[in-house]
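Q: Just dropping this structure here.
Residue numbers (this note's numbering): 903 to 1255.
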């Protein structure tokens, strides 16, 4: 059986096997120094490899922690902070060009949009409360006068009833407008789409407007055609809202033009007034709910501040858009753009003049 023995000098080892009889023995040996050196080198290489793999794994762990786990923990912390009421907290976006940075940026954008929505909602509720408080105060005031016996004549009672009826109608209008806006926002407002000829609609609007303000010069510049698929009542409501806005905010001496432009794909309704115009700083907020600019309508006690907001929502529900251009001192132009009926698209018609 082979055995391993040390050489006489002790510097190396040999693998030895002995065979033979009592008188004769054959000893065969082989130095194992090279094998031991190879094993030793392999052991050292293995240890070095394990150390390198461990170091690499540690670096990968640090990299994953820095680029992945740490940003996720930060995002979780921000989520808990926002839940506890600290709404101004934002997620650190992390190293650039990483998934964590993309996630952080998306979450911050969502939080910013949500904060803006909440701010607009609070402003909307405050404005709605203000609008309803005024008629409610009037109703309570007249009720108190009656309870105190201060409405002593039939004339005073009739006047009180007239005012109460007027304020109640105003409240009803505000509530109906708010409900309509809510339904339009949720895309639940029913639209009964039928072919509507815009030229005829503008003629009807002009006729109604001349009854309201007979002293104002109102012209219609519309060609035949210009059919759209629309809910006629809602579309009429949108156009009248824009026209009414012009009547309220411009003097009766300022002419008003209703113009129709029919393009290959779209119909443009242009409501043009020659009033004082709108300052640039008011244009972005013009379609906000309850926005009145300089407060002219509030001082006159006319309008709810919802007309243009409703008009834009109605137009957008018809896959259109409502925009405005204005130059101070020269007037304003509101443009309602609606898609032509599919069967007549591709044919351009100019105004008739």
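C-beta: ideal position from N, C-alpha, C; glycine also.
Under 7 angstroms, do residue 1097 and residue 1135 count as touching if we go by C-beta distance?
A: no
Q: CA-CA distance, residue 1107 and residue 1138?
A: 8 angstroms
Q: Spatial neighbours of residue 1047 within its chain, please: CB distance less than 7 angstroms, with the 5 preceding and 5 following residues excluded, ordered by chain position.
A: 1053 and 1062
Q: Excluding sequence positions up to five away, which residues of its chain have a Cβ less than 6 angstroms from the Cβ of residue 980?
A: Hits under 6 angstroms: 991 and 993.
Q: Does the Cβ of residue 907 have 16 or more other Cβ atoms within 10 Å, making it buried, or fewer, making it exposed?
A: exposed
Q: I'd like to know if the segment 1174 to 1187 and the segment 1144 to 1155 are in contact, where contact means that at least 3 CB-CB pairs between them fall below 8 angstroms.
A: yes
Q: From the DSSP output, in three-state form, read off residue 916 for me.
A: strand
Q: How close, in whole Å, do the beta carbons of residue 1034 and residue 1070 come, if the pair is a contact with beta carbons under 8 angstroms?
A: Wrong, their Cβ atoms sit about 11 angstroms apart, outside the cutoff.
Q: Based on Cα-Cα distance, which residue from 1209, 1180 and 1207 lies nearest to residue 1227?
A: 1180 is the residue among 1209, 1180 and 1207 whose C-alpha sits nearest the C-alpha of residue 1227.
Q: Using a Cβ-Cβ cutoff of less than 8 angstroms, which residues in the same chain neighbour residue 1149 once the five nearest sequence positions on both sides are dropped?
A: 1111, 1114, 1115, 1118 and 1158
Q: Within a Cβ cutoff of 8 angstroms, which residues of the same chain sit near residue 1198, ignoring the five residues on either side of it in sequence?
A: Because the pLDDT of residue 1198 is 43, which lies under 50, any placement of that residue in the model is unreliable, and the question is left without a value.
Q: For residue 1214, count neighbouring C-beta atoms within 10 Å of its own C-beta (all shown protein chains included) and say buried if the count is 16 or more, exposed if not.
A: With 16 or more neighbouring CB atoms inside 10 Å of its own CB, residue 1214 falls in the buried class.
Q: Can you name, in chain order, every residue of its own chain whose Cβ lies under 6 angstroms from the Cβ of residue 1233, other than the five neighbours on each side?
A: 1175, 1176, 1177 and 1179
Q: With the cut-off set at 7 angstroms, would you say residue 1238 and residue 1079 are in Cβ contact?
A: No; because the gap between Cβ atoms is not below 7 angstroms, this pair is not in contact.
Q: To which residues of the same chain is residue 1073 closer than 7 angstroms at the C-beta, ignoring the five residues directly before and after it?
A: 1034 and 1037
Q: Applying the 10 Å Cβ sphere with the 16-neighbour rule, what's the burial state of residue 1191?
A: buried
Q: Nearest CA to the CA of residue 1103: which residue from 1161, 1066, 936 and 1050?
A: Nearest C-alpha to residue 1103: 1161.
Q: Of the choices 1101, 1220, 1229 and 921, whose alpha-carbon is the least far from that of residue 1240?
A: 1220
Q: Return the chain-ordered list of same chain residues with a C-beta closer than 7 angstroms to the C-beta of residue 910, the five sequence neighbours on each side being excluded.
A: If the five residues before and after residue 910 are omitted, its C-beta is found closer than 7 angstroms to no C-beta atom of its own chain.
Q: According to the neighbour-count rule (16 or more other Cβ atoms, all chains shown, within 10 Å of its Cβ), is residue 919 buried or exposed?
A: exposed
Q: Taking only runs of the alpha helix (DSSP H) that begin and end inside the segment 1157 to 1202, which ones reach a length of at least 4 residues, in chain order?
A: The alpha helix (DSSP H) runs of length 4 or more contained entirely in the segment 1157 to 1202 are, from start to end of the chain, 1182 to 1185 and 1198 to 1202.
Q: Which residues does DSSP pair with residue 1233 in a beta bridge?
A: 1229
Q: So who's on the other strand from residue 1152, going by DSSP bridges?
A: Residue 1152 is not bridged by DSSP to any residue.
Q: Output needed for residue 929: all residues of its chain with C-beta closer than 7 angstroms, excluding positions within five of it in sequence on either side, in chain order.
A: 918 and 920
Q: Starting from the Cα of residue 1121, find the closest Cα among 1025, 1145, 1140 and 1133 and give me that residue.
A: 1145
Q: Out of 1172, 1217, 1169 and 1229, state which residue places its alpha-carbon closest to the alpha-carbon of residue 1182.
A: 1229
Q: Work out the CA separation of residue 974 and residue 1235 for me, nearest whole Å.
A: 50 angstroms
Q: Hey, how far is the Cα of residue 1223 from the Cα of residue 1189?
A: 12 angstroms
Q: Report the partner residues of residue 1121 according to the DSSP bridge assignment.
A: 1159
Q: Quick one: using the 10 Å Cβ neighbour count with 16 as the cut-off for buried, is residue 960 buried or exposed?
A: exposed
Q: Run through DSSP, which three-state label would residue 1223 get?
A: Of the three classes helix, strand and coil, the one that applies to residue 1223 here is strand, per DSSP.
Q: Give the DSSP-derived three-state secondary structure of residue 1037 in the structure shown.
A: helix
Q: Less than 6 angstroms between C-beta atoms, sequence neighbours within five positions excluded: which residues of the same chain meet that for residue 1257?
A: In the structure displayed, the chain extends from 903 to 1255; residue 1257 sits before or after that span and is not available.
Q: Assign residue 1216 to one of two classes, buried (16 or more other C-beta atoms within 10 Å of its C-beta) or exposed (fewer than that).
A: buried
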